[in-house]
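Read the structure below first, then the notes.
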Amino acid sequence: MASDELPVSPYTTILCCTDFSENAARAFTFALDAAVRRPGSVLHLLHVIPEPEAQFWKTYVYNVEGVDEKARSAIDQKIERDYRPHVPDSVSLEVVMRIGKDYLQILEYAGEIRADLIVLGRHGHSALENVLFGNVTEKVVRKAACPVLVVPRASAKTGDRAG
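The sequence shown begins at 787 in this note's numbering and counts up one residue at a time.
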């Protein structure tokens, strides 16, 4: 093997999970790097929309006309703006949205695609989401059938290390 050739990798189905937070975008750079370094791999970008748990909210949300289309359109716009422009033509990107319990949907989708690697950030948008997303990450790490790369948030001081 020439020194500029990459070794064949068993990691060809890469799942990156996003909540559109800054740290999820950071995790995407790691997932994209993994895909670029593995010719022929497929990068799956998954966003899970939490399903309201209380019956009242389920009834309210699903009765609002066009809520699914509006949510889908907003998510599509974010993906087209923040993710797709960074993906080179050599990488196949599959974008998927699911509705439900976040960690369960991540694990279920990873099983469906037979993911070789799951990449996700450790923190979400707000202090509350940091707790919840940390909990999601912990559950995915414990229950995943494949390796999981957990990307810590960048510190303001270094820009590239967990603070």
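Positions of the beta carbon are idealized from the N, C-alpha and C atoms, including for glycine.
Remember, predicted model here, so these are calculated numbers, not experimental data.
Taking only three categories from DSSP, how would you classify residue i?
i	result
residue 937	strand
residue 881	strand
residue 905	strand
residue 834	strand
residue 799	strand
residue 828	strand
residue 859	helix
residue 806	coil
Buried or exposed for residue i, going by 16 or more other Cβ atoms inside 10 Å?
i	result
residue 827	buried
residue 886	exposed
residue 830	buried
residue 833	buried
residue 819	exposed
residue 863	exposed
residue 824	buried
Using the C-alpha atoms, what's the distance from residue j back to residue i?
i	j	result
residue 821	residue 806	20 Å
residue 859	residue 881	13 Å
residue 870	residue 924	28 Å
residue 936	residue 856	31 Å
residue 922	residue 898	19 Å
residue 926	residue 865	23 Å
Between the options, which has its C-alpha nearest residue i's C-alpha?
i	options	result
residue 894	801, 796 and 795	801
residue 815	928, 931, 874 and 837	874
residue 836	817, 804, 824 and 812	804
residue 861	884, 872 and 878	884
residue 868	812, 934, 936 and 904	812
Note down, in chain order, each residue of its chain lying with its Cβ closer than 6 Å to the Cβ of residue i, except the 5 sequence neighbours on either side.
i	result
residue 901	799, 801 and 932
residue 905	802, 813, 816, 817 and 935
Could you check whether the Cβ of residue i sits closer than 8 Å to any Cβ belonging to chain D?
i	result
residue 814	Protein chains in the displayed structure number just one, and chain D is not present.
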